[in-house]
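This is how it looks when you write it as structure tokens:
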């Protein structure tokens, strides 16, 4: 099965920041996804703060979700804080959910 960046991002909508209750894509935490010819996946992402206590949990959630999919090769997740995350990275959907108090 051939995976591409858009399909991977769709799957990452199921990974949530447990403190905020929004998925990591809507939050703007995923900076890039690279899929190799062998369907190895590398996710470059950030967290809301460098000292985020959920860093291990969120990265592991990304790995578990993608490893559970058929046809995915090796999964790696790299964290970066350059550029640092800020609320302007929130998707319009995430902003609406926060305004309504409608999150997981």
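Residue numbers (the working numbering): 441 to 544. Even for Gly, the Cβ is constructed at its ideal location relative to N, Cα and C.
Looking only at 456, 479, 534 and 460, the smallest Cα-Cα distance to residue 511 is reached by 479. In this structure the region 528–535 does not touch the region 490–506; the number of beta carbon pairs closer than 8 Å is below three.
Among the bridge pairs identified by DSSP, residue 485 is matched with 470 and 519. Residue 465 sits in coil when the DSSP states are folded into three classes, being neither helix nor strand. A contact is defined here as three or more CB-CB pairs under 8 Å, and the region 515–525 meets this definition with respect to the region 483–490.
Following the DSSP letters along the chain, one finds residue 498 inside the alpha helix (DSSP H) bounded by residues 495–507. Per DSSP, residue 530 is not a residue of any alpha helix (DSSP H), being assigned neither H nor E. A direct Cα-to-Cα measurement between residue 443 and residue 503 gives close to 15 Å.
Distance from the CA of residue 481 to the CA of residue 541, rounded to the nearest whole angstrom, comes to 33 Å. Excluding sequence positions up to five before and after residue 515, its CB lies within less than 6 Å of the CB of 481, 503, 506 and 507, all in the same chain and listed in chain order.
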